[in-house]
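Number of protein chains: 2
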Amino acid sequence: MPEITGLLLTKMIEAVPQTQTRADEAFDCLQTAIVKGELAPGEKIGELELCQRFQLTRGPLREALGRLESRGLLVRRPHAGVKVVSVSTEELLELYRIREVMEGLAARQAAERMTDEEVAGLQATLDSHEAMIEKAQGQAYYQAEGDYDFHHRIATGSRNTKLAQMLLGDLYYMVRMYRYRLSTSAGRPHRALGEHRRIVEAIAQRDGELAEFLMKRHINAARRNIEQKIEEGLLSF
Amino acid sequence: MPEITGLLLTKMIEAVPQTQTRADEAFDCLQTAIVKGELAPGEKIGELELCQRFQLTRGPLREALGRLESRGLLVRRPHAGVKVVSVSTEELLELYRIREVMEGLAARQAAERMTDEEVAGLQATLDSHEAMIEKAQGQAYYQAEGDYDFHHRIATGSRNTKLAQMLLGDLYYMVRMYRYRLSTSAGRPHRALGEHRRIVEAIAQRDGELAEFLMKRHINAARRNIEQKIEEGLLSF
DNA sequence: CCTCTGTGTTTTGTTGACAAAAGCAAGGTG
DNA sequence: CACCTTGCTTTTGTCAACAAAACACAGAGG
Numbered sequence: 092m093p094e095i096t097g098l099l100l101t102k103m104i105e106a107v108p109q110t111q112t113r114a115d116e117a118f119d120c121l122q123t124a125i126v127k128g129e130l131a132p133g134e135k136i137g138e139l140e141l142c143q144r145f146q147l148t149r150g151p152l153r154e155a156l157g158r159l160e161s162r163g164l165l166v167r168r169p170h171a172g173v174k175v176v177s178v179s180t181e182e183l184l185e186l187y188r189i190r191e192v193m194e195g196l197a198a199r200q201a202a203e204r205m206t207d208e209e210v211a212g213l214q215a216t217l218d219s220h221e222a223m224i225e226k227a228q229g230q231a232y233y234q235a236e237g238d239y240d241f242h243h244r245i246a247t248g249s250r251n252t253k254l255a256q257m258l259l260g261d262l263y264y265m266v267r268m269y270r271y272r273l274s275t276s277a278g279r280p281h282r283a284l285g286e287h288r289r290i291v292e293a294i295a296q297r298d299g300e301l302a303e304f305l306m307k308r309h310i311n312a313a314r315r316n317i318e319q320k321i322e323e324g325l326l327s328f
Numbered sequence: 092m093p094e095i096t097g098l099l100l101t102k103m104i105e106a107v108p109q110t111q112t113r114a115d116e117a118f119d120c121l122q123t124a125i126v127k128g129e130l131a132p133g134e135k136i137g138e139l140e141l142c143q144r145f146q147l148t149r150g151p152l153r154e155a156l157g158r159l160e161s162r163g164l165l166v167r168r169p170h171a172g173v174k175v176v177s178v179s180t181e182e183l184l185e186l187y188r189i190r191e192v193m194e195g196l197a198a199r200q201a202a203e204r205m206t207d208e209e210v211a212g213l214q215a216t217l218d219s220h221e222a223m224i225e226k227a228q229g230q231a232y233y234q235a236e237g238d239y240d241f242h243h244r245i246a247t248g249s250r251n252t253k254l255a256q257m258l259l260g261d262l263y264y265m266v267r268m269y270r271y272r273l274s275t276s277a278g279r280p281h282r283a284l285g286e287h288r289r290i291v292e293a294i295a296q297r298d299g300e301l302a303e304f305l306m307k308r309h310i311n312a313a314r315r316n317i318e319q320k321i322e323e324g325l326l327s328f
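For the protein sequence lines, the chains are X and D, in the order given. To convert a position in the first sequence, counted from 1, into this note's numbering, add 91. To convert a position in the second sequence, counted from 1, into this note's numbering, add 91.
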């Protein structure tokens, strides 16, 4: 069909949105900076400081700041500046309570709605995670990223737009803020992988109820793991 | 203590944030306009049009637009303008699935954490709702507002900051978008009130598990109510 | 010695103008 | 006759200057 070549080319060019807009850029930069801890929680940061740091002007920055604030990563008092939100340990645990019910729902809906290809992809993901854990013995980084990947796939697989949006856009970023200073405990990666496998099995069998139950228990275990580390005094907040 | 009079006055003056900032103002205006349906879903709206409509300039407007977009009430394509999000009936029902699990959690935590005063306030709220329903026979508006009030109190009573933020800041506004064109069916206000009463009873008895169960069933019933109306073809989307 | 007040400075909020990209329409071409 | 191209218009994205509010410091008074 040579007659649609022009149209296809136009679409292909459009399909590569290299740098969207300056505000989006700023938003991404700020978000990753906050998540990676480059901007310390509770730190009061000036606008001009951010401008020269990320090489942009105040207009787009301000728009990005608004978005971050509305997502709860920043708090802003009028005429007093913005500061990175500092989440207490209690609030972190509350985050996991929310994840428990929301990801439980996601797992159930994923079991009902994922395509067979998506389920296969999920299993492949787990295989690669297993290989990573074997290879990088103890390096929790891969596990954390892999865990994120797993939950990401299930959230999108739920076919619930708003649910995925809330999980991927709000909760995960806040949780990941702590992943960077919260090393997963020794034996947990293997245990987590086993839990992931059972969840995927339930999804593959289209057993939504079981998938929900297993997912809730999985996140519950992760929460208790953190709780335990807090009691051991291994955390510095 | 006359020596602290000045301080108290300052705090009291501060405690009345008359008009915060222009961007906040714009955000509120836009949000209520969207919720009330003054800006039709799917409608493409220009910035200058909004500026003269709400009497503000493009700077603050843009910031507000960014916030709205990040909350999912608007969609924005670079250089192509913004348009109000149009939620399909399927997505509305998905919203109720999310509410089911999240408000279930909220009810459970509220049962565990609300003060006795808050529980008393909740019961008083229900009494006033009952009076309203009796008086304004069939006027669903009061019921909708009352229902919102009820769920609002439980969300804040959960003492789960992020949970309350997500419910009050994200979900409720989207749900309320439809409340304005979705009249509750005839007998439902009374039934809903009864369900509310039982939830409050469970909370008063500090039975978190029961409160969660009842809340989930309550929202489930509301969802099925909508589902039924859709099947009856009473909705125009 | 502490507290309150007043001024100066910094930082935020806002505004208007400028530049760039997308949509639209008309004309040319296969 | 249909399609692509090209230029114009509108609208969005960006920038830099202006105004206002809050913080900090210093000085005076109790």
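Glycine included, every Cβ here is placed at the ideal spot set by N, Cα and C. Small disclaimer: the values here were computed from a predicted structure and weren't measured.
Chain X residues whose Cβ lies nearer than 7 Å to that of D:E154: R153, E154 and G157
Spatially closest choice to D:L152 from D:E140, D:R162 and D:G163, by CA coordinates: D:E140
Closest residue to X:A302 among X:L130, X:G248 and X:A201 (Cα-Cα distance): X:A201
Test: D:G253 CB closer than 8 Å to a CB of chain X: According to the sequence as given, residue 253 of chain D is Lys; it is not Gly. D:K253 counts as touching chain X.
Short CB-CB distance (under 8 Å) between D:R267 and chain X: no
Helix, strand or coil at X:L165 [DSSP, three-state]: strand
Three-way DSSP call (helix, strand, coil) for D:L99 in this model: Confidence is the limiting factor: at D:L99 the pLDDT is only 39, short of 50, which leaves the residue's position unreliable and the question unanswerable from this model.
Outcome for X:A198 when other beta-carbon atoms lying within 10 angstroms are tallied against a minimum of 16: buried
N- and C-terminal bounds of the beta strand (DSSP E) containing X:G299: Where X:G299 is concerned, there is no enclosing beta strand (DSSP E), although the alpha helix (DSSP H) it sits in stretches over G299 to E322.
Reduced DSSP secondary structure (H/G/I, E/B, other) of D:K226: helix
Host alpha helix (DSSP H) of X:V176 (start-end): Where X:V176 is concerned, there is no enclosing alpha helix (DSSP H), given that its DSSP letter is neither H nor E.
Contacts of X:G163 in chain D (Cβ-Cβ under 8 Å): K253 and Q256
Beta-bridge partners of D:K135, as assigned by DSSP: D:K174
Cross-chain neighbours of X:A114 in chain D, by beta carbon under 9 Å: R153 and G157
Burial state of X:G133 (16 or more Cβ within 10 Å): exposed
Contact the stretch 282 to 300 of chain D vs the stretch 203 to 216 of chain D: 3+ CB pairs below 8 Å: yes
Option in D:L183, D:I310, D:M205 and D:H309 with minimal Cα separation from D:I321: D:L183
Exposure of X:D207, with buried meaning 16 or more beta-carbon neighbours within 10 Å: exposed
X:Q111 in three-state terms, based on DSSP: coil
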